[in-house]
Structures are given as C-alpha cells and as structure tokens.
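In the UniProt record's numbering, the protein residues as written are 1 to 330.
To keep things clear, I will list the structure first and then write my remarks on it.
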C-alpha cells in the first residue's frame, strides 16, 4: 500500500482512501432516518443489534481512551492542556506529530513521544473494554477491532492481536527515520520506560535518542504522522489483509448479522468513520442489492449526524454509553 500525497490534507486521512474507493464502487447510499441522541429508542436499537449479531466490528477513535484518562487532543486547546510546554512554543498536535521535527528538533519530538509512550504503558483500559470483549467473544463469526489509536489499549485489555487493525500504526514499534533498506520495524521494548522527560521543556537528552539497529540513524515511532511519506506500513498491511479476509468470510455466511460499534471516532481525521461506512455498505450490498445484514452504532458525544437507515447514533461519552447498553443487555 502506498501513501497518497497531498500537501493540504493530513496523510492519515488519506491512507485508506484507495481501499475504500475500491470496495464501495457502485454501492448505493443508505437512506432514511436514524435513531439519535441518548434516547431510550437509540439505546434499545443498539441492544437489539448487538443481541442479534453473529459478527462484531469494534471501531475506535481517540474518544475510547478518554475514559481511561488519556488525552484526546481535541483541537489546539485540548492538546495544549495536556502539553503546556508545547503551547509555549506555539506547537500544535499536527506540528509535533510530524516527521520533519525528527530532523529539526529530535530531542523535543522524542520527548513528546516518549512521554506518550510512558503514559500508555502505565494506563489501564477502562471497564468498557472488558464489556466489549465479553460481547465480542459470544459472536460465532468472531470479531475484529479497527482503531486509529496508537496506545495498545485493546491488546492490554486482552483482545486477540491477530484480530486488530491499528490503522495509524503503534507507538510500541519503531522504525528508521530514513528508512534505510536494511531496517524494518522493531519493538520499542523496555528501553524507553526509564527515560527522563523534562516536563517543563518536554525534552530528552541527546544520548537517549533511539537509533536504527542497522544504520545507527535516528529512529522514530512507527506511527503515521502528518505529512508523512516515510512511514513503514508493513505491520498494518498484514493487519488489513487479515481484516478483509475476515470480512469476506462473514459475507459468505447467508445468515450473517454484523454489528459495527464505532466508538469515539471523530471527523478531524475520519479514517475510522470512513472505514465503518465502507464496511456497512460492502456488507449490506454484497449481493448487488440491499439486504439488511449489518447495523452501525455510532457512539460519540460530538460530531454525530444523520448518515442512513442502518445507523444508530448515541450522543454519550463512550464509557457511559457502554454501561447503559450493558445494563439493558443484562
């Protein structure tokens, strides 16, 4: 898979565009009215869809981690609340999560990423992850996770790593900044655990900067950044291949009833939302005409909109919505 290039659009939002276009050509848009907000009707529609499903796709954005105590970087103010040192420098998230900074100020950008790495390592997934896993484990056609988060929370919660797509990569893997021809992707390991980050400046010492084991150039996290043309997608490519194989297996089942739980996925970088819409269309129009075999539950306190007859929107924080659904399922 090659990354699309566009100087005015975030590369992360473009990564899956060829896949979406390829798989949704000719599929008519769903129409109709959806259940919305946190009404009892919307919650009951979600419960019914989960209850009748024999396959589940869990699709998560940054909002899923907020209830675990992780920042979501929603807008400049949200980012600067988490990183006041970067506010003083006038750096936004898209300025800091940028491969250019590894050449211009490696001690600063690695301070930012090491701080995040250490935060993710010590953060325990909230109880909503376990609720999702219990629901997913009951599905006879299995379940898959598609997430734009790079925090490893689903693996930490016990989800099968072979059934997870981390579409923007993972902070727990590194790659060469070049990348050189000999290097690949390697685990970050424990080397970053004890690195001291100066909280006032968000910097680390030059001597602790990770290096490529093949060429000794500076390493970087294996995550898709803004304006990123050097990201190695090998791991994600393999994850996506398994994901589409699972989808094909599901669609081959004449009795398929799939539920998509889209949780905390925003519109600023819409990779997760667009993939959910694509899976919904591919599944309900897989035979060339409409069959209601898939339902999308969109959980987000913001950015909810009418998107079709097979969509239920619940405008609640993620954990609160999952709690209410769990109570009704019980």
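Backbone N, C-alpha and C define an ideal beta-carbon position, used for all residues, glycine too.
- Note that the segment 40-59 touches the segment 312-328; at least 3 beta-carbon pairs, one per stretch, sit closer than 8 Å.
- If the five residues before and after residue 290 are omitted, its C-beta is found closer than 7 Å to the C-beta atoms of 284, all from its own chain and listed in chain order.
- Residue 175 has 185, 220 as its beta-bridge partners, per DSSP.
- Excluding five sequence positions before and after residue 179, the CB atoms of its chain that fall closer than 8 Å to its own CB belong to 212, 230, 232, given in chain order.
- For residue 91, the secondary structure class from DSSP, reduced to helix, strand or coil, is coil.
- With respect to the 7 Å criterion, residue 272 and residue 68 are not classified as neighbours on the basis of their beta carbons.
- The three-state reading of DSSP puts residue 192 in coil, since its state is none of H, G, I, E or B.
- Within a 10 Å sphere around the beta-carbon of residue 300 sit 16 or more other beta-carbons, which makes this residue buried.
- Burial state of residue 86 is buried, judged by a 10 Å Cβ sphere holding 16 or more other Cβ atoms.
- Within the segment 239-288, the beta strand (DSSP E) runs of at least 3 residues that lie entirely inside it are, in chain order, 258-263.
- Here the alpha carbon of residue 108 sits roughly 17 Å from the alpha carbon of residue 81.
- By the criterion of at least three beta-carbon pairs nearer than 8 Å, the segment 258-268 is in contact with the segment 52-70.
- Remark: C-beta atoms of residue 222 and residue 189 do not approach each other more closely than 7 Å.
- Under DSSP, the beta-bridge partners assigned to residue 299 are 263, 314.
- Residues of the same chain with a CB within less than 7 Å of the CB of residue 96, apart from the 5 flanking positions on each side, are 86, 109, 112 in chain order.
- Secondary structure note for residue 143: its beta strand (DSSP E) is the uninterrupted segment 143-147.
- Inter-segment contact for the segment 196-203 and the segment 144-164 is absent: fewer than three beta-carbon pairs are separated by less than 8 Å.
- Here residue 133 is not near residue 54, since their CB atoms are 7 Å or more apart.
- DSSP places residue 57 in the uninterrupted beta strand (DSSP E) bounded by 55-60.
- Taken atom to atom, the span from the alpha-carbon of residue 250 to that of residue 141 is near 7 Å.
- Judged by beta-carbon spacing, residue 218 lies within the 7 Å limit of residue 177, meaning their Cβ atoms are closer than that value.
- Under the DSSP assignment, residue 166 falls in the beta strand (DSSP E) whose first and last residues are 164-166.
- Inclusion of residue 234 and residue 185 in the CB contact set at 7 Å is warranted, their separation being smaller than that value.
- Listed in chain order, the non-local C-beta contacts of residue 119 below 8 Å within the same chain comprise 70, local neighbours out to five positions each way being set aside.
- Secondary structure of residue 52 (DSSP, three-state): helix.
- In chain order, 68, 156 place their CB closer than 8 Å to the CB of residue 124, counting only its own chain and leaving out the 5 sequence neighbours on each side.
- Assigned with DSSP and collapsed to three states, residue 203 falls in strand.
- Pairing residue 192 with residue 244 gives a Cβ-Cβ distance that is not under 7 Å.
- Non-local beta-carbon contacts of residue 56 in its own chain, meaning distances under 6 Å to residues more than five positions away in sequence, involve 136, 139, 143, 259 in chain order.
- Between residue 146 and residue 49, the C-beta spacing is not below 7 Å.
- By DSSP's assignment, residue 198 forms a beta bridge with 203.
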